[in-house]
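Colleague: Please find one structure pasted underneath; my questions will follow.
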Amino acid sequence: MNEDRDPPEGVPTGMRQGLTSYGDTGFSLFLRKAFIKGAGLSEAALERPVIGIASTGSAYNPCHGNAPQLIEALKRGVMLAGGLPMEFPTISLHESFAAPTSMVLRNLMAMDTEEMIRAQPMDAVVLVGGCDKTVPAQLMGAASAGKPAIQLITGSMLTGSHRGERVGACTDCRRWWARFRAQEVEADEIAVVNEQLVPSVGTCSVMGTASTMACIAEALGMTVPGGASPPAVTAERMRVAERTGAQAVQMARAGLGPDRILTAKAFENAMRVLLAIGGSTNAVVHLAAIAGRAGFELDLKALDRMGTETPVLLDLKPSGAHYMEDFHAAGGMATLLRELKPLLHLDALTVTGRTLGEEIEAAGPGFAQDVVRPLARPIYPQGGIAVLQGNLAPGGAIVKQSAASAALMEHEGRAVVFEDAADLALRIDDPALDVHAEDILVLKRIGPKGAPGMPEAGAFPIPLKLARAGVKDMVRISDGRMSGTAFGTIVLHVTPEAAVGGPLAHVRSGDRIRLSVQRRELALLVTDEELAARAKANPVREPTAERGYRKLFLQTVLQADRGVDFDFLVPPGPKGRIPGGG
Ligand code: FES
Numbered sequence: 000m001n002e003d004r005d006p007p008e009g010v011p012t013g014m015r016q017g018l019t020s021y022g023d024t025g026f027s028l029f030l031r032k033a034f035i036k037g038a039g040l041s042e043a044a045l046e047r048p049v050i051g052i053a054s055t056g057s058a059y060n061p062c063h064g065n066a067p068q069l070i071e072a073l074k075r076g077v078m079l080a081g082g083l084p085m086e087f088p089t090i091s092l093h094e095s096f097a098a099p100t101s102m103v104l105r106n107l108m109a110m111d112t113e114e115m116i117r118a119q120p121m122d123a124v125v126l127v128g129g130c131d132k133t134v135p136a137q138l139m140g141a142a143s144a145g146k147p148a149i150q151l152i153t154g155s156m157l158t159g160s161h162r163g164e165r166v167g168a169c170t171d172c173r174r175w176w177a178r179f180r181a182q183e184v185e186a187d188e189i190a191v192v193n194e195q196l197v198p199s200v201g202t203c204s205v206m207g208t209a210s211t212m213a214c215i216a217e218a219l220g221m222t223v224p225g226g227a228s229p230p231a232v233t234a235e236r237m238r239v240a241e242r243t244g245a246q247a248v249q250m251a252r253a254g255l256g257p258d259r260i261l262t263a264k265a266f267e268n269a270m271r272v273l274l275a276i277g278g279s280t281n282a283v284v285h286l287a288a289i290a291g292r293a294g295f296e297l298d299l300k301a302l303d304r305m306g307t308e309t310p311v312l313l314d315l316k317p318s319g320a321h322y323m324e325d326f327h328a329a330g331g332m333a334t335l336l337r338e339l340k341p342l343l344h345l346d347a348l349t350v351t352g353r354t355l356g357e358e359i360e361a362a363g364p365g366f367a368q369d370v371v372r373p374l375a376r377p378i379y380p381q382g383g384i385a386v387l388q389g390n391l392a393p394g395g396a397i398v399k400q401s402a403a404s405a406a407l408m409e410h411e412g413r414a415v416v417f418e419d420a421a422d423l424a425l426r427i428d429d430p431a432l433d434v435h436a437e438d439i440l441v442l443k444r445i446g447p448k449g450a451p452g453m454p455e456a457g458a459f460p461i462p463l464k465l466a467r468a469g470v471k472d473m474v475r476i477s478d479g480r481m482s483g484t485a486f487g488t489i490v491l492h493v494t495p496e497a498a499v500g501g502p503l504a505h506v507r508s509g510d511r512i513r514l515s516v517q518r519r520e521l522a523l524l525v526t527d528e529e530l531a532a533r534a535k536a537n538p539v540r541e542p543t544a545e546r547g548y549r550k551l552f553l554q555t556v557l558q559a560d561r562g563v564d565f566d567f568l569v570p571p572g573p574k575g576r577i578p579g580g581g
């Protein structure tokens with residue numbers, strides 16, 4: 000496919016586009032050139048296609064710790080292809096350095112990314128992202144901005160070793176912390192483990208949200224082929240950066256914008272990949288948000304149906320045994336996509352101007368490896384994520400069945416309710432807490448408006464007295480999210496959330512709840528009349544804020560099924576629903 004297209008006649012490009020308003024366009028360009036020449040650039044440089052580089056390097060973001068080297072390689076690629084690289088900063092978000100949760104700031108980063116792409120002169124943009132919220136934010140912003148855009152993933156971190164056992168963030172962080180809480184590990188040993196969990200810069204080394212979004216970005220066609228899996232500190236990652244820079248120049252010349260790549264077919268491919276990699280539940284929210292920016296609504300029920308025919312093929316933690324660097328050694332996304340071919344739209348366009356099918360062919364034949372299973376021999380027979388319905392979650396809820404305990408997936412139990420995160424912190428470890436292993440723990444008000452920002456608190460801990468008695472998992476239900484690196488029988492994203500008066504708000508300790516993953520059911524065994532009476536007796540007052548970004552957030556944030564985006568950022572009149580769109 001020949002994607003070369005000159006820009007339409009008369010449409011300004013390069014440094015001539017998007018001039019600052021002084022009422023005199025000639026002067027605007029004259030002034031702009033004067034300033035950029037002050038940075039030492041020549042007329043010849045200014046004649047080249049301008050490639051913006053959205054830089055998210057930050058001392059607060061070790062997952063992007065390789066950004067300086069990546070950007071150097073990116074710039075080399077841009078220059079080799081005849082473009083002018085222009086690096087600019089945007090917000091950067093790391094999971095452990097953003098309070099109360101990075102999710103509160105994802106939409107702000109998306110707005111920053113969109114507006115800086117719009118405001119500054121560039122013919123294409125490279126989005127340098129990796130840590131959980133950064134790639135979704137960048138893809139949301141780029142989809143809205145509409146300029147040719149390509150994602151460069153920072154890459155996963157290496158794995159560490161503790162007394163002969165391989166460890167990596169963050170599945171092993173949680174496992175070792177749970178052992179420490181259960182007094183199976185002493186304080187001096189946990190301190191040693193702490194130094195091994197993140198042995199290099201880069202994103203978490205399991206199939207957490209960052210790795211999931213990297214694979215989704217490639218499945219969407221938004222990275223160069225092979226862009227998802229090379230670890231952060233490898234030569235291959237630098238070469239991917241160089242190729243990405245060169246590709247951005249081609250995209251600028253061809254005018255290949257995200258509207259031609261982020262199609263219904265591309266989103267369906269991404270959903271297949273999410274299911275087949277046992278990916279993070281967070282990606283359901285992020286995909287809904289990115290799709291929303293492209294004008295599509297994500298159909299959760301249809302995603303669930305898709306899951307029944309899409310097995311988990313990737314044997315990575317937390318659903319499996321391996322780490323991202325093993326996935327890369329096994330051929331990365333090419334190996335996975337080759338297996339998934341019968342289920343993919345192979346004619347979906349990618350940033351290269353070629354189709355996904357053409358890129359799979361170009362990657363060559365597969366080879367013997369044990370990280371990506373064949374379709375006929377999956378590690379889990381269905382997709383990793385199941386969508387639940389019922390009177391407790393009229394707008395749906397999800398469970399990561401591939402990381403849940405088989406014994407708890409069909410379970411009825413007594414609810415033990417925590418009204419919010421503060422209540423949980425106060426009582427979860429109280430020796431007097433009335434709780435048994437077969438109970439169902441319910442945590443309210445950690446949804447989009449409740450916490451706010453839908454923090455990753457859904458995988459809240461087992462009560463201390465039960466953990467010390469050897470209980471490893473219990474059914475836990477909330478309107479929050481959980482880290483993609485977490486595991487357990489954890490029901491998430493209950494919609495509508497408690498803070499806006501969803502049925503979850505009216506669950507009481509002692510109620511009985513039934514979970515059936517097989518029937519996709521989440522039922523509160525309380526009559527509609529009783530629930531209505533409780534709602535009338537205790538009306539919910541939605542949280543508000545006096546000023547600033549928090550006020551904007553609480554006034555405009557959508558529920559989980561709409562991607563937790565702001566209502567005013569979603570274009571009116573959706574093109575269709577996915578899967579199932581045209
Ligand atoms: Fe950044 Fe896990 S904390 S990817």
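Heads up, the sequence shown is in numbering that gives the first Met the number 0, so the first residue is 0 and it goes up one at a time. C-beta: ideal position from N, C-alpha, C; glycine also. Small disclaimer: the values here were computed from a predicted structure and weren't measured.
By the three-class DSSP mapping on this structure, what secondary structure does SER318 have?
Modeller: As a position in the sequence shown, residue 318 is number 319, starting the count at 1. SER318 falls in the coil class under three-state DSSP.
Colleague: For the region 445–460 against the region 494–501, do three or more pairs of beta-carbon atoms, one drawn from each stretch, fall closer than 8 Å, so that the two count as touching?
Modeller: The region 445–460, when compared against the region 494–501, does touch it at the 8 Å Cβ threshold.
Colleague: Which ranges would you report for the beta strand (DSSP E) in the region 275–351 if only whole runs of at least 3 residues count?
Modeller: 295–297, all fully within the region 275–351.
Colleague: Should the region 295–314 be called in touch with the region 344–362, which here means at least 3 C-beta pairs below 8 Å?
Modeller: No contact exists between the region 295–314 and the region 344–362.
Colleague: Can we say the region 230–245 touches the region 358–375, given the rule of at least three CB pairs closer than 8 Å?
Modeller: No contact exists between the region 230–245 and the region 358–375.
Colleague: Could you tell me the alpha carbon to alpha carbon distance between PRO67 and TYR548, rounded to whole angstroms?
Modeller: By one-based count along the sequence shown, residue 67 stands at place 68. By one-based count along the sequence shown, residue 548 stands at place 549. Cα-Cα distance, rounded: 30 Å.
Colleague: Taking 7 Å as the cut-off, is the beta-carbon of ASP346 closer than that to any non-hydrogen atom of the ligand FES?
Modeller: To locate residue 346, count along the sequence shown from 1; it is residue 347. No, the Cβ of ASP346 stays beyond 7 Å of every heavy atom of the ligand FES.
Colleague: Using a Cβ distance threshold of 8 Å, determine whether the region 100–114 contacts the region 65–79, with at least three qualifying pairs required.
Modeller: Cβ pair count under 8 Å is below three, so no.
Colleague: Leaving out five residues before and five after GLU528 in sequence, what residues of the same chain have Cβ atoms less than 7 Å from its Cβ?
Modeller: Counted from its first residue, the sequence shown places residue 528 at position 529. So no residue of the chain qualifies.
Colleague: The beta strand (DSSP E) that contains ILE384, what's its start and end?
Modeller: As a position in the sequence shown, residue 384 is number 385, starting the count at 1. It spans 384–389 - the beta strand (DSSP E) in which ILE384 sits, taken as one unbroken run.
Colleague: Please indicate yes or no: does the CB of ASP131 lie closer than 7 Å to some heavy atom of the ligand FES?
Modeller: Along the sequence shown, read from residue 1 onward, the residue named residue 131 stands at position 132. ASP131: yes, Cβ under 7 Å from the ligand FES.
Colleague: Applying the 10 Å Cβ sphere with the 16-neighbour rule, what's the burial state of VAL200?
Modeller: In the sequence shown, the residue the question calls residue 200 occupies position 201. Label assigned to VAL200: buried.
Colleague: Spell out the partners DSSP gives ILE512 in its beta bridges.
Modeller: Looking up residue 512 in the sequence shown gives position 513. Beta-bridge pairing links ILE512 to GLY412, LEU523.
Colleague: With hydrogens ignored, establish whether the beta-carbon of THR202 is closer than 7 Å to any heavy atom of the ligand FES.
Modeller: The residue you call residue 202 lines up with position 203 of the sequence shown. Yes - the ligand FES has a heavy atom lying nearer than 7 Å to the Cβ of THR202.
Colleague: Quick one, which of ASP419, PRO364, VAL197, GLY81 has its alpha-carbon nearest ASN60's?
Modeller: The count along the sequence shown starts at 1 and reaches residue 60 at position 61. It is VAL197 whose Cα lies nearest to the Cα of ASN60.
Colleague: Is it right to say VAL10 is buried, meaning 16 or more other beta carbons lie within 10 angstroms of its own, or is it exposed?
Modeller: For the purposes of this step, residue 10 is taken as the residue at position 11 of the sequence shown. Classification for VAL10: exposed.
Colleague: According to DSSP, is LEU261 helix, strand or coil?
Modeller: Position 262 of the sequence shown, counted from the start, is the residue given in the question as residue 261. Reduced to three states, the DSSP call for LEU261 is coil.
Colleague: Rounded to whole angstroms, how far is the Cβ of ARG480 from the Cβ of GLU455, which I believe are closer than 8 Å?
Modeller: The residue labelled residue 480 in the question sits at position 481 within the sequence shown. The residue labelled residue 455 in the question sits at position 456 within the sequence shown. Right, the Cβ-Cβ distance comes to about 5 Å (below 8 Å), so this counts as a contact.
Colleague: Under a three-way DSSP split, which group does PRO548 fall into?
Modeller: Position 549 of the sequence shown holds residue 548. In the sequence on display, residue 548 carries Tyr and not Pro. Helix.
Colleague: Does the ligand FES have even one heavy atom less than 7 Å from the beta-carbon of CYS594?
Modeller: Absent from the model: residue 594. The displayed extent of the chain is 0 to 581, so no value can be given.
Colleague: Any idea if HIS93 is buried or exposed, counting beta-carbon neighbours within 10 angstroms, 16 or more meaning buried?
Modeller: Residue 93 sits at position 94 when you count from the first residue of the sequence shown. With 16 or more other Cβ atoms within 10 Å, it is buried.
Colleague: Rounded to the nearest angstrom, what separates LEU69 and ARG511 at their Cα positions?
Modeller: The residue labelled residue 69 in the question sits at position 70 within the sequence shown. The residue labelled residue 511 in the question sits at position 512 within the sequence shown. Their backbone Cα atoms lie some 53 Å apart in a straight line.
Colleague: What is the rounded straight-line gap between the Cα of ALA97 and the Cα of THR170?
Modeller: Working through the sequence shown from its first residue, we reach residue 97 at position 98. Working through the sequence shown from its first residue, we reach residue 170 at position 171. Going from the Cα of ALA97 to the Cα of THR170 covers about 20 Å.
Colleague: Determine the contact status of PRO257 and ALA168, defining contact as a CB-CB distance below 8 Å.
Modeller: Position 258 of the sequence shown, counted from the first residue, corresponds to residue 257. Position 169 of the sequence shown, counted from the first residue, corresponds to residue 168. In this structure, ALA168 does not lie closer than 8 Å to PRO257 by Cβ.
Colleague: Below 8 Å, how does it come out for the region 284–295 and the region 562–577: are there three or more Cβ pairs, yes or no?
Modeller: Yes, the region 284–295 touches the region 562–577.
Colleague: Could you pull out every residue in the same chain whose Cβ sits closer than 6 Å to the Cβ of ALA123, ignoring the five residues on either side in sequence?
Modeller: Counting from 1 along the sequence shown, the entry for residue 123 is found at position 124. Counting only Cβ-Cβ distances below 6 Å, and skipping sequence neighbours, we find ILE50, PRO147, ALA247, MET250, ALA251.
Colleague: Measure the C-alpha to C-alpha separation of PRO573 and GLY469 and round it to an integer number of angstroms.
Modeller: Against the sequence shown, residue 573 aligns to sequence position 574. Against the sequence shown, residue 469 aligns to sequence position 470. Computed Cα separation, rounded: 49 Å.
Colleague: Suppose you measure from the CA of LYS132 to the CA of THR211; what does that come to, to the nearest Å?
Modeller: Working through the sequence shown from its first residue, we reach residue 132 at position 133. Working through the sequence shown from its first residue, we reach residue 211 at position 212. Each residue's Cα considered, the two are about 11 Å apart.
Colleague: Leaving out five residues on either side along the sequence, give the residues of the same chain with a beta carbon under 6 Å from the beta carbon of ASP438.
Modeller: The count along the sequence shown starts at 1 and reaches residue 438 at position 439. Excluding sequence neighbours, ASP438 sits near GLY412, ARG413, VAL415.
Colleague: Quick one: what does DSSP say ALA362 is sitting in, helix, strand or coil?
Modeller: As a working mapping, residue 362 is identified with position 363 in the sequence shown. Three-state result, ALA362: coil.
Colleague: Which of the three DSSP states is assigned to SER27 in this structure?
Modeller: Walking along the sequence shown from the start, residue 27 turns up at place 28. It is helical.
Colleague: Is THR73 helix, strand or coil when you go by DSSP?
Modeller: Here the question's residue 73 lines up with position 74 in the sequence shown. According to the sequence shown, residue 73 is Leu rather than Thr. Of the three classes helix, strand and coil, the one that applies to LEU73 here is helix, per DSSP.
Colleague: At a cut-off of 7 Å, is GLU94 close to the ligand FES when judged by its beta-carbon and the heavy atoms of the ligand?
Modeller: The count along the sequence shown starts at 1 and reaches residue 94 at position 95. The answer is yes for GLU94.
Colleague: Mapping the DSSP letters down to three states, classify GLU164 as helix, strand or coil.
Modeller: Mapped onto the sequence shown, residue 164 falls at position 165. GLU164 falls in the strand class under three-state DSSP.
Colleague: Rounding to the nearest angstrom, what Cα-Cα distance links ALA80 and LEU255 in this structure?
Modeller: As a first step, residue 80 must be located in the sequence shown, where it is residue number 81. As a first step, residue 255 must be located in the sequence shown, where it is residue number 256. Their backbone Cα atoms lie some 16 Å apart in a straight line.
Colleague: ALA424 by DSSP, collapsed to three states: which one?
Modeller: The residue given as residue 424 occupies position 425 in the sequence shown. ALA424: helix per DSSP, three-state reduction.
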